[in-house]
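In this note's numbering, the protein residues as written are 140 to 252. We put the CB at the ideal spot given by N, CA and C, even for glycine. Every value quoted in this text rests on a predicted model; they were computed, and no experiment measured them.
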Amino acid sequence: MLKTQENKPIKIVAIEEVNPQEKRFQEQRMKDLFLLIENLAMQEEATIKLIIECLYDVGMINLINKKVKHPSANKIIKRFISLPKPMARIVAWRWIRKNMPIKLTNWLGRKVR
140 MLKTQENKPI
150 KIVAIEEVNP
160 QEKRFQEQRM
170 KDLFLLIENL
180 AMQEEATIKL
190 IIECLYDVGM
200 INLINKKVKH
210 PSANKIIKRF
220 ISLPKPMARI
230 VAWRWIRKNM
240 PIKLTNWLGR
250 KVR
């Protein structure tokens, strides 16, 4: 038997299983959450694209600073980081539109379990 620091016994209680009706309710609410997040992503497309753009700018600057140690080459390369930005924005938006709702739903579901 487990005991606390004061030598008091600890009673271990088994967690009750969720009954089938509650389980169906929880599954339905998680499906609703998925649809809400998917709808939010579609409505806030412009905001998400701006977030992608900000992350791209910061990430590229940090990547160049880590990989290119020569100061003059560093400055030259930084001038050209905006060239692939439109393509990166398109690819990132497609990935987010496809994957973000389910990943966010699963993450939030794990947080409330």
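The beta carbon of residue 169 sits closer than 6 Å to those of 248, all from its chain and outside the five residues before and after it, given in chain order. The region 214 to 221 and the region 158 to 173 do not touch, with fewer than three beta-carbon pairs separated by less than 8 Å.
A distance below 8 Å between beta-carbons, with the five flanking residues on each side excluded, links residue 203 to the following residues of its chain, in chain order: 213, 216, 217 and 220. For residue 244, the number of other beta carbons within 10 angstroms of its own is at least 16, and it is reported as buried. Residue 207 sits in coil when the DSSP states are folded into three classes, being neither helix nor strand. Within a 10 Å sphere around the beta-carbon of residue 190 sit fewer than 16 other beta-carbons, which makes this residue exposed. In the three-state reduction of the DSSP assignment, residue 223 falls in the coil class, being assigned neither a helical nor a strand state. Counting along the chain, residue 166 sits inside the alpha helix (DSSP H) bounded by residues 159 to 182.
Around the CB of residue 240, 16 or more other CB atoms lie within 10 Å, so the residue is classed as buried.
Three or more beta-carbon pairs separated by less than 8 Å are not found between the region 155 to 163 and the region 193 to 210, which leaves the two stretches without contact.
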